[in-house]
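**Q** Here's a structure for you.
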Amino acid sequence: MTETTLLTWIVFIPVLGLLALLPVAQAVTMKRVVLGACGLSFILSLALIPPYIGGNGSGGTYGAVRFRQFASWISTSDKAFIINYDVGVDGLSMPLVVLTTLITFLACLASWNFEQWKTKRGLKGYLAMLLLLETGMLGVFVSLDFFLFYIFWEVMLLPMYFLIGIWGGPRKEYAAIKFFLFTLAGSVLILIVMLAFYFYPAVELRTFNILELASNARIQALFRDKATLFCGLPFAETMFVLLFIGFAIKLPVFPFHTWLPDAHVEAPTPISMILAGVLLKMGGYGFLRFCYPILPTAAESLAIALGVLGIINIIYGALCAMAQDDFKKLVAYSSISHMGYVLLGLASLTQAGFQGAMFQMIAHGISSPMCFFLVGVIYDRAHHREINRFGGLWLNMPVYGSMATLGFFASLGLPALCGFIGEIYAVFGAFDSKALGPYATLFGILAASGAILTAAYILWMIQRVYLGPSKAEYAGFGDADRREVAILAPMAALCVLLGVLPKQTMLDFVSGTLNQILALTGY
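This is the structure we're talking about:
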């Protein structure tokens with residue numbers, strides 16, 4: 235196996251940027267250092283794409299990773315406890331790494347007007363936390379060692395807590411503490427599973443290697459055995475439920491979602507972009523990396539329950555979004571609804587469902603940050619987010635209005651835009667699912683109905699905010715400036731490209747790995 239340090243550079247360049255930031259005193263120089271570090275990480279991440287073009291990254295077996303680097307890191311003298319620095323990417327993690335570097339770079343650019351924010355609590359601290367957050371997020375997606383994954387998962391938690399709690403809105407402390415407690419609770423459950431996998435008495439081969447846990451015959455035989463118990467409960471189902479809750483908090487899944495609207499409303503616009511574009515995807519990634527390949531029998535036995543939760547997310551999130559008058563909270567609840575399609579697609583245990591779930595994560599990772607930035611653009615001018623107070627903005631801000639229409643239509647799931655493919659694949663997967671049994675058709679119909687609700691609240695919002703007669707209080711608003719257009723344009727282009735060329739831009743990259751994960755479940 236040829237090793238490369240490319241992923242290590244991508245992950246830790248933000249940390250080098252943080253160190254370079256410390257002695258800098260000039261605000262503009264700080265911004266350039268951070269923008270340069272994030273930009274370099276993004277450029278390097280593009281080098282991960284070529285091996286996967288045309289489906290070449292599918293590999294022959296599960297875990298055919300590329301750009302792998304392995305080094306022994308921590309071990310006891312008797313070798314009873316071994317932690318390795320093991321990183322690599324496959325068709326599941328590669329798109330998420332590129333997405334992370336792109337959205338973080340755009341969030342840095344969105345932070346350029348820091349001095350104009352009502353809060354001035356230290357630019358250097360804000361930028362340092364942003365860089366540390368990027369390293370944590372990237373580490374989560376490239377880790378092939380469970381313990382290393384957990385370290386990066388925890389590293390990501392503290393910067394986000396401070397970014398919301400220090401630089402957030404009026405209720406920032408409440409939102410930050412709620413985010414921290416929810417995420418910490420999930421982390422504890424993930425830690426229990428990690429230690430159970432390693433120290434379970436019947437497991438002779440102790441390993442934190444994620445791929446080994448999924449593919450080793452002896453480990454899988456033990457995990458699949460109904461006689462294997464944990465505290466008197468079936469081992470596989472118990473571990474699956476604990477992992478599911480840990481990752482469901484991050485996705486988020488009803489009823490573990492209540493931290494999200496508060497966090498989004500109080501977070502600065504660039505942090506909302508990262509929260510929606512990247513952090514929510516960690517939940518779906520956790521399902522695909524851990525729950526399904528390592529505990530496939532539990533995934534099958536709990537499929538209907540997961541499908542029910544997915545449908546609740548879709549409909550409940552859409553209804554809550556429809557009831558909002560706060561522009562940012564509407565977009566936050568729409569994220570809950572959209573993530574329901576991810577859960578439904580995974581619950582279906584079908585090729586279409588898995589591909590739809592992955593596509594939905596990437597599509598939402600583009601359209602949702604775009605929508606949050608669009609809200610931030612108008613908030614910077616109006617200093618409020620009350621939907622019913624707006625009206626006729628398209629007449630005063632035609633460039634901004636055009637970008638907003640495209641972004642929200644992508645979120646709506648309009649054909650030829652990115653939001654359509656993931657949702658329709660998830661619905662097709664539900665209809666075609668054997669795992670969902672007699673409820674498959676019902677789940678498919680309900681999921682399709684959720685798309686109607688999505689169209690209703692987004693079109694109603696567009697009518698109230700952007701259409702109608704121009705209001706005098708907004709007549710002096712300037713259109714989107716060059717910096718704002720530079721942030722919106724890449725996301726707008728990707729919304730169109732993913733919608734028009736889904737196979738070439740996404741499905742070819744991910745289908746091989748997803749099919750291998752699905753094969754491990756027996757479907």
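Heads up, our numbering is the position in the sequence shown plus 234, with the first residue counted as 1.
Think of the CB as a built atom: it goes at the ideal place given N, C-alpha and C, for glycine as much as any other residue.
Quantities reported herein were computed from a predicted structural model and do not represent experimental measurements.
1. Are there 16 or more other CB atoms within 10 angstroms of the CB of E500, so buried, or fewer, so exposed?
2. How is I483 classed by DSSP in three states: helix, strand or coil?
3. Give the C-beta separation of D379 and I444 to the nearest angstrom, bearing in mind that I take them to be a contact with Cβ-Cβ under 8 Å.
4. I600 and M740 - do their beta-carbons sit closer together than 7 Å?
5. Quick check on DSSP: helix, strand or coil for M235?
6. Can you tell me whether A455 is buried or exposed? The criterion is at least 16 other CB atoms within 10 Å of its CB, across all chains shown.
7. Helix, strand or coil for S306 per DSSP?
8. Since V719 is in the alpha helix (DSSP H), which residue starts that stretch and which ends it?
9. Given T295, which residues of its chain have a CB within under 8 Å of its CB, disregarding the five upstream and five downstream residues?
10. Between the C-alpha atoms of S377 and L693, what's the straight-line distance to the nearest angstrom?
11. Between the region 358-374 and the region 259-272, do three or more beta carbon pairs fall short of 8 Å?
12. Could you tell me the boundaries of the beta strand (DSSP E) in which G322 lies?
13. Would you check if the distance between the CB atom of L476 and the CB atom of I426 is smaller than 7 Å?
14. Quick one: measure Cβ to Cβ for L687 and A552, integer angstroms, because I've assumed they're closer than 8 Å.
15. Taking Cβ positions, are F643 and L651 nearer each other than 7 Å?
16. Name the two residues that bound the continuous alpha helix (DSSP H) containing Q260.
17. Look at the alpha carbon of W307 and the alpha carbon of L357, and state the distance between them as a whole number of angstroms.
18. Out of A555, R615, V245, point me to the one whose CA is closest to V374's CA.
19. How many angstroms separate the CA atom of F654 from the CA atom of L680?
20. For T327, which of helix, strand or coil comes out of DSSP?
21. With a floor of 3 residues, list each beta strand (DSSP E) that falls wholly inside the region 265-290, ordered by position along the chain.
22. In the DSSP assignment, the alpha helix (DSSP H) including K412 goes from what residue to what residue?
23. Could you say if the region 518-527 and the region 573-591 meet the contact criterion of at least three C-beta pairs nearer than 8 Å?
24. On the DSSP bridge assignment, give the partners of P468 in chain order.
25. So what's R300 in DSSP terms, helix, strand or just coil?
26. How would you write the range of the alpha helix (DSSP H) that V609 sits in, first residue to last?
27. Could you check whether N547 and F488 sit closer than 7 Å to each other, using their CB atoms as the reference points?
28. Would you say the region 672-679 touches the region 618-632, given that touching needs at least three Cβ pairs under 8 Å?
29. From the DSSP output, in three-state form, read off D560 for me.
30. For G325 versus V744, is the C-beta distance shorter than 7 Å?
31. May I ask you to report which of helix, strand or coil DSSP gives S292?
32. Is it buried or exposed, G520, if we count other Cβ atoms within 10 angstroms and call 16 or more buried?
33. Are E237 and Q303 touching if we call contact CB-CB under 7 Å?
34. What are the boundary residues of the alpha helix (DSSP H) that includes Y395?
35. Given a threshold of 16 other Cβ atoms within 10 Å of its Cβ, counted over all protein chains shown, does C554 qualify as buried or as exposed?
36. What is the DSSP secondary structure of S377, reduced to helix, strand or coil?
**A** Quick look at the numbers:
1. Taking the first residue of the sequence shown as position 1, residue 500 is located at position 266. That one is buried.
2. Numbered from 1 along the sequence shown, position 249 holds the residue referred to as residue 483. Correct three-state label for I483: coil.
3. The residue labelled residue 379 in the question sits at position 145 within the sequence shown. The residue labelled residue 444 in the question sits at position 210 within the sequence shown. Indeed they touch by this definition, with Cβ atoms about 7 Å apart.
4. Against the sequence shown, residue 740 aligns to sequence position 506. Against the sequence shown, residue 600 aligns to sequence position 366. Cβ atoms of M740 and I600: not closer than 7 Å.
5. Reading the sequence shown from its first residue, position 1 is the one you call residue 235. Note that M235 scores 48 on pLDDT, short of 50, meaning its location in the model is unreliable; the coordinates nonetheless yield the value given after this. The answer is coil: DSSP assigns M235 none of H, G, I, E or B.
6. Numbered from 1 along the sequence shown, position 221 holds the residue referred to as residue 455. Burial call: exposed.
7. Reading the sequence shown from its first residue, position 72 is the one you call residue 306. Reduced to three states, the DSSP call for S306 is strand.
8. For the purposes of this step, residue 719 is taken as residue 485 along the sequence shown, with counting starting at 1. Unbroken alpha helix (DSSP H) run through V719: 716-734.
9. Working through the sequence shown from its first residue, we reach residue 295 at position 61. A caution first: T295 carries a pLDDT of 44, below 50, which makes its placement in the model too unreliable to give a value.
10. For this step, residue 377 is matched to residue 143 along the sequence shown. For this step, residue 693 is matched to residue 459 along the sequence shown. Answer to the nearest angstrom: the Cα atoms are 41 Å apart.
11. yes
12. Stepping through the sequence shown from its first residue, residue 322 is reached at position 88. From DSSP, the beta strand (DSSP E) with G322 extends over 316-323.
13. One-based indexing of the sequence shown puts residue 476 at position 242. One-based indexing of the sequence shown puts residue 426 at position 192. Yes, the pair counts as a contact, with Cβ atoms nearer than the cut-off.
14. Counting from one through the sequence shown, the residue named residue 687 turns up at place 453. Counting from one through the sequence shown, the residue named residue 552 turns up at place 318. Contact flag correct, Cβ pair sits at about 4 Å.
15. Mapped onto the sequence shown, residue 643 falls at position 409. Mapped onto the sequence shown, residue 651 falls at position 417. Yes, Cβ-Cβ distance for F643 and L651 is below 7 Å.
16. Reading the sequence shown from its first residue, position 26 is the one you call residue 260. That residue, Q260, is in no alpha helix (DSSP H); it is neither H nor E in DSSP.
17. Here residue 307 refers to the residue found at position 73 of the sequence shown. Here residue 357 refers to the residue found at position 123 of the sequence shown. Roughly 35 Å separates the two Cα atoms.
18. Mapped onto the sequence shown, residue 374 falls at position 140. With distances taken between Cα atoms, V374 lies closest to V245.
19. Your numbering for residue 654 matches position 420 in the sequence shown. Your numbering for residue 680 matches position 446 in the sequence shown. The alpha-carbon atoms of F654 and L680 are separated by roughly 16 Å.
20. Within the sequence shown, numbered from 1, the residue matching residue 327 stands at position 93. Checking the displayed sequence, the identity of residue 327 turns out to be Ser instead of Thr. Coil at S327, not helix or strand.
21. none
22. If you number the sequence shown from 1, residue 412 lands on position 178. K412 -> alpha helix (DSSP H) spans 406-433.
23. yes
24. Here residue 468 refers to the residue found at position 234 when the sequence shown is read from its first residue. For P468, which the question treats as bridged, DSSP gives the partners L463.
25. In the sequence shown, the residue the question calls residue 300 occupies position 66. The answer is strand: DSSP assigns R300 an E or B state.
26. Position 375 of the sequence shown, counting from 1, holds the residue named residue 609. Counting along the chain, the alpha helix (DSSP H) containing V609 begins and ends at 585-616.
27. Translated into the one-based positions of the sequence shown, residue 488 becomes position 254. Translated into the one-based positions of the sequence shown, residue 547 becomes position 313. A contact, by the Cβ cut-off of 7 Å.
28. no
29. By one-based count along the sequence shown, residue 560 stands at place 326. D560 falls in the strand class under three-state DSSP.
30. One-based indexing of the sequence shown puts residue 325 at position 91. One-based indexing of the sequence shown puts residue 744 at position 510. Cβ distance < 7 Å, so G325 and V744 count as in contact.
31. Here residue 292 is taken as the residue at index 58 of the sequence shown, counted from 1. Residue placement at S292 is poorly supported in this model, since its pLDDT is 46, which falls under 50; the coordinates are not used for a value here.
32. As a first step, residue 520 must be located in the sequence shown, where it is residue number 286. Result: buried.
33. Along the sequence shown, one-based indexing puts residue 237 at 3. Along the sequence shown, one-based indexing puts residue 303 at 69. Contact flag set, yes.
34. Mapped onto the sequence shown, residue 395 falls at position 161. Unbroken alpha helix (DSSP H) run through Y395: 380-401.
35. Locating residue 554 in the sequence shown gives position 320, counting from the first residue. Buried, because 16 or more other Cβ atoms sit within 10 Å of the Cβ of C554.
36. Locating residue 377 in the sequence shown gives position 143, where the first residue counts as 1. Here S377 sits in strand by DSSP.
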